[in-house]
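Protein chains: 2
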Amino acid sequence: MTQLVQCIPNFSEGRNIEVINRLKQIAEEARGVTVLDVTSDEDHNRMSIAMLGAPDKIAEVAFSLVKYATKHINMQEHSGAHPRMGATDVVPFVPVKNISMEACIQLSKTFAERVSEELNVPTFLYEHSASSAERKNLSHIRHGQFEKMADKIKKDEWKPDYGEQRIHPTAGVTAVAARMPLVAFNVNLNTPNVEIAKSIAKIIRESNGGFKDCKAIGLKLAERHMTQVSMDIVNYEVIPLYRVLETIRMEARRYGVDVLGAEVHGIAPAQALIDSAAYYMQLEDFNAEKQVLENRV
Amino acid sequence: MTQLVQCIPNFSEGRNIEVINRLKQIAEEARGVTVLDVTSDEDHNRMSIAMLGAPDKIAEVAFSLVKYATKHINMQEHSGAHPRMGATDVVPFVPVKNISMEACIQLSKTFAERVSEELNVPTFLYEHSASSAERKNLSHIRHGQFEKMADKIKKDEWKPDYGEQRIHPTAGVTAVAARMPLVAFNVNLNTPNVEIAKSIAKIIRESNGGFKDCKAIGLKLAERHMTQVSMDIVNYEVIPLYRVLETIRMEARRYGVDVLGAEVHGIAPAQALIDSAAYYMQLEDFNAEKQVLENRV
Chain A
180 MTQLVQCIPN
190 FSEGRNIEVI
200 NRLKQIAEEA
210 RGVTVLDVTS
220 DEDHNRMSIA
230 MLGAPDKIAE
240 VAFSLVKYAT
250 KHINMQEHSG
260 AHPRMGATDV
270 VPFVPVKNIS
280 MEACIQLSKT
290 FAERVSEELN
300 VPTFLYEHSA
310 SSAERKNLSH
320 IRHGQFEKMA
330 DKIKKDEWKP
340 DYGEQRIHPT
350 AGVTAVAARM
360 PLVAFNVNLN
370 TPNVEIAKSI
380 AKIIRESNGG
390 FKDCKAIGLK
400 LAERHMTQVS
410 MDIVNYEVIP
420 LYRVLETIRM
430 EARRYGVDVL
440 GAEVHGIAPA
450 QALIDSAAYY
460 MQLEDFNAEK
470 QVLENRV
Chain B
180 MTQLVQCIPN
190 FSEGRNIEVI
200 NRLKQIAEEA
210 RGVTVLDVTS
220 DEDHNRMSIA
230 MLGAPDKIAE
240 VAFSLVKYAT
250 KHINMQEHSG
260 AHPRMGATDV
270 VPFVPVKNIS
280 MEACIQLSKT
290 FAERVSEELN
300 VPTFLYEHSA
310 SSAERKNLSH
320 IRHGQFEKMA
330 DKIKKDEWKP
340 DYGEQRIHPT
350 AGVTAVAARM
360 PLVAFNVNLN
370 TPNVEIAKSI
380 AKIIRESNGG
390 FKDCKAIGLK
400 LAERHMTQVS
410 MDIVNYEVIP
420 LYRVLETIRM
430 EARRYGVDVL
440 GAEVHGIAPA
450 QALIDSAAYY
460 MQLEDFNAEK
470 QVLENRV
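First to last, the sequence lines map onto chains A and B. Mapping of the first sequence onto the numbering used here: position 220 corresponds to residue 399, and the numbering continues sequentially without gaps. Mapping of the second sequence onto the numbering used here: position 188 corresponds to residue 367, and the numbering continues sequentially without gaps.
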């Protein structure tokens with residue numbers, strides 16, 4: 180049975196079209212790997228490549244990408260809206276088919292070790308691969324970002340999982356993980372007041388007592404004269420999308436604000452949507468594992 | 180690339196446990212075929228077996244099942260709530276993976292011919308395999324049921340697609356098709372008055388001017404003191420489930436009746452649920468083909 184892993188490396192480049200295209204090309208030309216999605220954003224000055232393939236093939240192309248990024252992205256000159264700490268900021272591996280989380284954790288560790296040894300970029304393990312509870316949440320590792328990482332990494336508690344206690348001068352550090360598939364889920368509000376979106380995001384995110392494994396920020400969508408609660412739902416099986424959406428709708432009412440629409444950004448697993456369909460359609464005794472054709476194929 | 184076809188033969192037996200178990204066993208013991216679901220119902224006096232496999236393997240086990248049913252189910256002694264015209268009532272083939280509708284049509288024709296030749300059961304082709312527009316809808320073929328089929332089949336316009344113009348004395352006739360996956364979708368109403376469910380079913384079904392390719396009947400769920408609009412949504416890509424559900428909800432309001440819940444019966448394709456999730460979640464620009472992970476694997 181073919182094993183399939185998804186890997187979605189994020190690089191700190193969203194403006195230099197030459198670098199963006201070259202990274203895209205490296206991924207697309209790799210044998211045995213399918214590129215699912217490539218996104219880049221000038222404001223964030225960041226790009227991501229979602230790829231699918233066998234574990235060894237995926238790790239090989241991911242390494243080629245990190246090698247190129249290490250050489251061609253200079254964090255000393257980088258600015259952008261999205262938090263980041265390295266030329267290759269994060270490299271998550273996600274089990275998709277016929278492979279366990281345990282095997283993905285091993286894959287992520289081997290990969291993180293190789294990056295530190297061959298490219299001299301110290302690496303931190305997060306999420307399911309984390310070496311301690313404090314490192315599970317990526318935002319704890321990334322706190323202080325590239326600019327403060329040179330000092331942070333010297334502290335005992337922030338010794339990298341692989342590599343020496345000093346950052347790569349231009350490529351910073353990189354976080355590597357095995358994790359569950361996450362859903363990038365945005366909810367758009369019919370108000371131009373970004374404070375409302377920010378207030379609601381605070382309620383939603385775990386770090387403020389909101390939903391478990393849910394990350395949320397409030398953003399202005401200037402062109403559309405509206406605002407957005409932008410989220411990563413790390414564990415959609417525990418926190419289904421409908422619950423997040425309906426909570427936002429409920430909280431928005433306090434301001435006389437409505438939900439205009441929602442967006443699933445990039446790739447999402449079918450189950451994340453099916454769970455919400457079952458809620459809204461009031462399905463009784465629906466067992467997706469048994470009843471959804473694709474789950475039986 | 181492995182071709183996968185779903186086949187869901189329906190047999191006119193829902194009471195004789197020996198026959199039910201033997202049919203189930205034949206399907207389960209077949210090599211290279213997965214049994215997805217087996218349902219039997221005493222009121223309907225009917226059973227169905229949903230199976231998945233390669234085209235040749237699926238056709239082979241389906242033939243073994245029809246052969247057994249032809250020998251062990253006597254339509255002269257059959258009664259039940261569900262319309263039926265043969266010991267094997269229908270045998271639909273559904274393309275699932277790496278196979279075209281065209282190839283499934285060919286598969287259904289070869290199968291129908293074999294049943295008529297080797298088992299002396301005349302066969303009619305319906306849905307995508309139909310030889311004329313009048314025969315596309317199964318209910319037109321089945322109209323009059325087993326009891327009137329001996330006369331009906333003698334008429335020029337009801338000459339079977341394969342076999343002679345006389346029914347098999349105990350096994351009647353069988354309908355064979357290639358068709359799209361359908362969704363068996365039931366909506367439960369908080370009224371014990373079956374006339375309300377029947378009125379709404381009339382509005383829903385195509386034969387009364389309702390939704391295209393939608394079959395609907397109103398039923399009493401005596402034990403639960405409520406009623407049900409029970410449907411086959413033959414083409415969920417054209418008529419999404421949410422539209423049917425919300426139409427029923429809207430029509431039920433006329434009677435002061437609410438929707439208590441809904442059921443997806445048996446196997447359904449993920450897309451049928453994802454389309455409804457996208458509606459209720461107000462997803463903007465969602466492209467399931469590109470964005471749902473399983474569609475890319």
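Positions of the beta carbon are idealized from the N, C-alpha and C atoms, including for glycine. Source: prediction; values computed, not measured.
Residue i, buried or exposed, once every other Cβ within 10 Å from all chains shown has been counted against 16
| i | result |
| --- | --- |
| A/Asn367 | buried |
| B/Met359 | buried |
| A/Ser386 | exposed |
| A/Lys288 | buried |
| A/Asp335 | exposed |
| A/Ile187 | buried |
| B/Asp464 | exposed |
| A/Gly388 | exposed |
| A/Pro348 | exposed |
| B/Asn189 | buried |
| A/Ser279 | exposed |
| B/Glu192 | buried |
| B/Glu306 | buried |
| B/Lys394 | buried |
Rounded straight-line distance, which links the Cα of residue j to that of residue i
| i | j | result |
| --- | --- | --- |
| A/Lys453 | B/Pro271 | It is worth fixing the name first, because residue 453 of chain A is Ile in this sequence and not Lys. Going by the C-alpha atoms only, they are around 26 Å apart. |
| A/Met405 | B/Leu439 | 36 Å |
| B/Val436 | B/Asn372 | 10 Å |
| A/Val143 | A/Phe290 | Residue 143 of chain A falls outside the range modelled here, since chain A spans only 180 to 476, and no answer is possible. |
| B/Ile446 | A/Ala329 | 56 Å |
| A/Met264 | B/Met460 | 34 Å |
| B/Lys399 | B/Glu374 | 9 Å |
| B/His251 | B/Val275 | 31 Å |
| A/Ala312 | A/Asn414 | 17 Å |
| B/Tyr341 | B/Gln407 | 37 Å |
| A/Trp337 | A/Ile412 | 26 Å |
| A/Gln450 | B/Ile332 | 47 Å |
| A/Pro419 | B/Val217 | 30 Å |
| A/Asp220 | A/Ala401 | 15 Å |
| A/Ala345 | A/Ser310 | With the sequence shown as reference, residue 345 of chain A is identified as Arg, and Ala is not the correct amino acid for it. Going by the C-alpha atoms only, they are around 19 Å apart. |
| A/Arg433 | A/Arg314 | 36 Å |
| B/Ala457 | A/Val417 | 20 Å |
| B/Ile228 | A/Val423 | 38 Å |
| A/Pro339 | A/Gln285 | 17 Å |
| A/Asn466 | B/Arg403 | 21 Å |
| B/Ala431 | B/Ala354 | 35 Å |
| A/Val214 | A/Pro448 | 16 Å |
| B/Met180 | B/Arg475 | 15 Å |
| A/Gln470 | A/Val300 | 46 Å |
| A/Thr376 | B/Leu462 | First, the residue type needs correcting, since residue 376 of chain A is Ala and not Thr in the sequence shown. Cα-Cα distance, rounded: 18 Å. |
| B/Gln182 | B/Asn277 | 5 Å |
| A/Thr426 | B/Ser295 | 59 Å |
| A/Glu256 | A/Arg293 | 26 Å |
| A/Gly397 | A/Glu442 | 14 Å |
| A/Val468 | B/Val362 | For the record, residue 468 of chain A in the displayed sequence is Glu; it is not Val. Spanning the two alpha carbons is a distance of roughly 16 Å. |
| B/Asp268 | B/Thr302 | 10 Å |
Under the three-state DSSP convention, the category residue i falls into
| i | result |
| --- | --- |
| A/Asp235 | helix |
| B/Ser219 | strand |
| B/Val417 | coil |
| B/Glu256 | helix |
| A/Glu442 | strand |
| B/Leu400 | strand |
| A/Asn299 | coil |
| A/Ala354 | strand |
| B/Ile382 | helix |
| A/Val214 | strand |
| B/Ala266 | coil |
| A/Ile346 | coil |
Cβ-Cβ separation, residue j to residue i (assumed contact under 8 Å), whole Å
| i | j | result |
| --- | --- | --- |
| B/Phe364 | B/Met410 | 5 Å |
| A/Cys283 | A/Val212 | A/Cys283 to A/Val212, Cβ: 16 Å. No contact. |
| A/Ile379 | A/Phe390 | Actually they are not in contact, since the Cβ atoms of A/Ile379 and A/Phe390 sit about 12 Å apart, beyond 8 Å. |
| B/Ser308 | B/Ala357 | 5 Å |
| A/Val240 | A/Ala206 | 6 Å |
| A/Gly323 | A/Met254 | That pair is no contact at about 13 Å. |
| A/Leu298 | A/Thr249 | 5 Å |
Inset, instruction - Would you be able to state if there are at least three C-beta pairs under 8 Å between the stretch 186-206 of chain A and the stretch 237-247 of chain A? - result: yes
Legend entry - contact_flag[the stretch 219-236 of chain B, the stretch 314-330 of chain B] where n(CB pairs < 8 Å) is 3 or more: no
Legend entry - At least 3 beta-carbon pairs within less than 8 Å: the stretch 220-229 of chain B vs the stretch 257-275 of chain B: yes
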